[in-house]
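In what follows, a structure is listed as structure tokens, so that the remarks can point back to it.
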Amino acid sequence: MAANPQPPPATDAGTVRAWCPGRVTLIGDHTDYAEGVSLALAVDLGTEVTLAGDPAAASVACTSDAAPGSAAIDLDVPLDPQALRAMQPAWTRYVAAVVATVRPPVGGRAAVRSSLPVGAGLSSSASLCVAAALAFGLEGDPLTVARTCQRAEQAATGVDVGLLDPWALTAATPGAACLLDFRTGLARTVPMPADAEVVVVHSGQQRSLDRSGYQARRAECDAAAYRLGPLGHVEPEAVLGLPDPVLRRRARHVVTECDRVRWFVEALDRHDLAEAGRLMLASHRSLADDFEVSTPVLDGLVARLSAMPGVHGARLTGAGFGGCVVALAEPGAIDFRELRGPAWRVSAAGGARLVTAGDAPDGDAPRPTGERG
Ligand code: GLA
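Our numbering puts the first residue of the sequence shown at -5, with every later residue one more than the last.
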């Protein structure tokens, strides 16, 4: 199906409501822009955008319960990255970029609600973009919607973000993780074990991609790929041929991380949670040592979590430079009282969708149920 904007479904109130989860990378970070693979989980924390359409309005007036400020975004706002990045408050840049990408057929009032921590590596920006895009009438298959939202997020941030976040959010199925192959464009459902839980712990270190080393890491991977080809499918030995030691380490992370993703999926398939946990720890070490996107606080948190009895493994999740750690553990193994920052026990949510009256509990939008520690 084409990703053309469609008029919002007519409802009595002319109101369209869309919900989008956040995402946790179980394993496979900094692999998307290298044509690699990643295993992501859409979580039951998310963003809801409600558009009260007004056919007479030439703009979308947006407010958020998660951040101060508001903006009136013209329906013909140009997709001009420089102008978008000058918009204040910063969260309205994403909405404006989506308006410029999707071109909603009507304006009105858009209200944003979010239960996702911002700058925590749980895709709050992509979640906002996807929820807004659906509320503004974007239709299409998960990959097409994801590509449109990736373009919007790139314009809003000036960072060449990959496809991981929006695709994980559109392709998700409840109760399962999603194996995303960025070379083939194929997404495979990977059921989550019933006797394990996923816990996300905030390090307390907020980060924003445009002020992080994300773009530099991406450029280093591109430089390595220029010599070797897309890093997601080169042989590990080929990396040794890179003369520059920094590029060698960056490439080694991507190449070995893709292997770890595949081994992790195999470990889940045969229910070897101990091996899955070991792979998470190896992934963290690779992100810290070879890719250099960890911090002492993230390293300390991973060490503390993985030392707890019943915890199979833990790793930083997302881009790094701060944000969250994800742990795979036996149910109840992690004592939230021992954690200083906010933490959530998350379950595998379904993908982004329009919310209809019968869809949600109490006739209301789906409530984020991620448990806060
Ligand atoms: C950010 C980017 C993604 C991906 C991750 C790291 O979340 O938006 O495209 O590169 O970092 O895996």
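Every residue, glycine too, gets a C-beta built ideally from N, C-alpha and C. These numbers come from a predicted model, not from an experiment.
Using the rule of at least 16 other Cβ atoms within 10 Å of the residue's Cβ for burial, across every protein chain shown, is residue 23 buried or exposed?
Numbered from 1 along the sequence shown, position 29 holds the residue referred to as residue 23. Residue 23 should be labelled buried.
Rounded to whole angstroms, what is the Cα-Cα separation between residue 306 and residue 87?
Here the question's residue 306 lines up with position 312 in the sequence shown. Here the question's residue 87 lines up with position 93 in the sequence shown. If I take the Cα positions, the gap works out to 39 Å.
Answer yes or no: the CB of residue 283 versus the heavy atoms of ligand 1, is any distance below 7 Å?
Position 289 of the sequence shown, counted from the start, is the residue given in the question as residue 283. Annotation for residue 283 indicates a beta carbon at 7 Å or more from all heavy atoms of ligand 1.
Could you tell me which of 296, 166, 43, 165 sits nearest to residue 105, measuring between CA atoms?
By one-based count along the sequence shown, residue 105 stands at place 111. The residue from 296, 166, 43, 165 with its alpha-carbon nearest to that of residue 105 is 43.
Should the segment 289 to 299 be called in touch with the segment 189 to 202, which here means at least 3 C-beta pairs below 8 Å?
The segment 289 to 299, when compared against the segment 189 to 202, does touch it at the 8 Å Cβ threshold.
N-terminal and C-terminal residue of the beta strand (DSSP E) that residue 64 is part of:
Residue mapping note: residue 64 aligns to position 70 of the sequence shown, counting from 1. Counting along the chain, the beta strand (DSSP E) containing residue 64 begins and ends at 64 to 68.
Taking only three categories from DSSP, how would you classify residue 79?
Translated into positions along the sequence shown, residue 79 becomes position 85. If DSSP states are grouped into helix, strand and coil, residue 79 belongs with the helices.
Sequence-distant residues of its chain with Cβ nearer than 7 Å to residue 268 (five each side left out):
As a working mapping, residue 268 is identified with position 274 in the sequence shown. Excluding sequence neighbours, residue 268 sits near 306.
Straight-line CA distance for residue 205 to residue 266?
Working through the sequence shown from its first residue, we reach residue 205 at position 211. Working through the sequence shown from its first residue, we reach residue 266 at position 272. Between the alpha carbons of residue 205 and residue 266 lies a distance of about 38 Å.
Residue 278: beta carbon under 7 Å from a heavy atom of ligand 1?
As a first step, residue 278 must be located in the sequence shown, where it is residue number 284. Residue 278 Cβ: outside cutoff for every heavy atom of ligand 1.
Compare the C-alpha of residue 19 against each of 45, 317, 95, 57 and name the closest.
Stepping through the sequence shown from its first residue, residue 19 is reached at position 25. Minimum Cα distance to residue 19 is reached at 317.
What are the start and end residues of each continuous alpha helix (DSSP H) run of 4 or more residues lying completely inside the segment 173 to 229, in chain order?
As summarised for the segment 173 to 229, the continuous alpha helix (DSSP H) elements at least 4 residues long and confined to that stretch are 208 to 222, given in chain order.
Hey, would you say the C-beta of residue 23 is under 7 Å away from at least one heavy atom of ligand 1?
One-based indexing of the sequence shown puts residue 23 at position 29. Yes, since a heavy atom of ligand 1 falls inside the 7 Å radius drawn around the Cβ of residue 23.
Does the segment 142 to 154 come into contact with the segment 173 to 184, if we say contact requires no fewer than three beta-carbon pairs (one atom in each stretch) closer than 8 Å?
Because the criterion of three Cβ pairs below 8 Å is not met, the segment 142 to 154 and the segment 173 to 184 do not touch.
Hey, residue 148 and residue 160 are a contact pair by Cβ (cut 8 Å); roughly how many whole angstroms apart?
Here residue 148 is taken as the residue at index 154 of the sequence shown, counted from 1. Here residue 160 is taken as the residue at index 166 of the sequence shown, counted from 1. In this structure residue 148 is not in contact with residue 160, their Cβ atoms being roughly 11 Å apart against a cut-off of 8 Å.
Ends of the beta strand (DSSP E) at residue 321?
Taking the first residue of the sequence shown as 1, we reach residue 321 at position 327. From DSSP, the beta strand (DSSP E) with residue 321 extends over 318 to 323.
Per-residue DSSP class, three states only, for residue 15
Translated into positions along the sequence shown, residue 15 becomes position 21. DSSP places residue 15 in strand when its eight states are reduced to three.
Any C-beta of chain C under 8 Å from that of residue 75:
The structure shown contains no chain C; it holds only a single protein chain.
Regarding residue 117 and ligand 1, is the C-beta to nearest heavy atom distance less than 7 Å?
Reading the sequence shown from its first residue, position 123 is the one you call residue 117. At least one heavy atom of ligand 1 lies closer than 7 Å to the C-beta of residue 117.
Taking 7 Å as the line, does the beta carbon of residue 27 fall inside it for any heavy atom of ligand 1?
Numbered from 1 along the sequence shown, position 33 holds the residue referred to as residue 27. When distances are taken from the beta-carbon of residue 27 to the heavy atoms of ligand 1, the shortest one is below 7 Å.
Anticipated Cβ contact below 8 Å, residue 37 with residue 255, distance rounded:
In the sequence shown, counting from the first residue as 1, residue 37 sits at position 43. In the sequence shown, counting from the first residue as 1, residue 255 sits at position 261. For a cut-off of 8 Å, the C-beta gap from residue 37 to residue 255 is around 18 Å, too long to register as a contact.
Between the CA atoms of residue 346 and residue 165 - distance to the nearest angstrom
Taking the first residue of the sequence shown as 1, we reach residue 165 at position 171. Taking the first residue of the sequence shown as 1, we reach residue 346 at position 352. Each residue's Cα considered, the two are about 8 Å apart.
What span of residues does the alpha helix (DSSP H) with residue 287 cover, start to end?
Numbered from 1 along the sequence shown, position 293 holds the residue referred to as residue 287. Unbroken run through residue 287: none, as it is neither H nor E.
Please determine whether the Cβ atom of residue 114 lies at a distance below 7 Å from any heavy atom of ligand 1.
On the sequence shown, position 120 is the one that residue 114 refers to. Checking the Cβ of residue 114 against ligand 1 gives no.
Check whether the segment 40 to 60 and the segment 216 to 223 touch, using three or more Cβ-Cβ pairs below 8 Å as the test.
At 8 Å Cβ cutoff, the stretches do not touch.
Classify residue 136: buried if its beta carbon has 16 or more other beta carbons within 10 angstroms, exposed otherwise.
In the sequence shown, residue 136 corresponds to position 142, counting from 1. So residue 136 counts as buried.
Residue 171 - partner residues in DSSP beta bridges
Here residue 171 refers to the residue found at position 177 of the sequence shown. Looking at the DSSP assignment, residue 171 forms a beta bridge with 184.
What is the DSSP secondary structure of residue 48, counted as helix, strand or coil?
Counting from 1 along the sequence shown, the entry for residue 48 is found at position 54. DSSP places residue 48 in strand when its eight states are reduced to three.
What are the boundary residues of the alpha helix (DSSP H) that residue 309 is part of?
Here residue 309 corresponds to residue number 315 of the sequence shown, with the count starting at 1. It is not in any alpha helix (DSSP H) - residue 309 instead sits in the beta strand (DSSP E) that spans 305 to 310.
Measuring only from the beta carbon, is residue 348 closer than 7 Å to any heavy atom that is part of ligand 1?
The residue given as residue 348 occupies position 354 in the sequence shown. No, the beta carbon of residue 348 sits no closer than 7 Å to any heavy atom of ligand 1.
If you scan the segment 80 to 153 from start to end, which runs of the alpha helix (DSSP H) of 4 or more residues do you find wholly inside it?
Scanning the segment 80 to 153 for uninterrupted alpha helix (DSSP H) segments of 4 residues or longer gives 85 to 96, 118 to 129, 136 to 151, listed from N- to C-terminal end.
At a cut-off of 7 Å, would you count residue 57 as near ligand 1, judging by its Cβ distance to the nearest heavy atom?
On the sequence shown, position 63 is the one that residue 57 refers to. No.
Enclosing beta strand (DSSP E) for residue 166 [first to last residue]:
Start at 1 with the first residue of the sequence shown, and residue 166 comes out as number 172. In the DSSP assignment, residue 166 falls outside any beta strand (DSSP E), carrying neither H nor E.
Please list, in chain order, all residues of the same chain as residue 102 whose beta carbon is under 7 Å from its beta carbon, the five residues on each side excluded.
Numbered from its first residue, the sequence shown carries residue 102 at position 108. Within the same chain, residue 102 has close Cβ partners 45, 46, 47, 48, 51, 54.
Who are the Cβ neighbours of residue 120 in its own chain at under 7 Å, not counting the five residues just before and after it?
The residue you call residue 120 lines up with position 126 of the sequence shown. Within the same chain, residue 120 has close Cβ partners 143, 147, 159, 160, 163.
Quick check for students: name the residue ranges of the alpha helix (DSSP H) that lie wholly in the segment 242 to 302, counting only runs of 4 or more.
Counting only runs of 4+ residues, the alpha helix (DSSP H) found wholly inside the segment 242 to 302 occupies 267 to 283, 290 to 300, in chain order.
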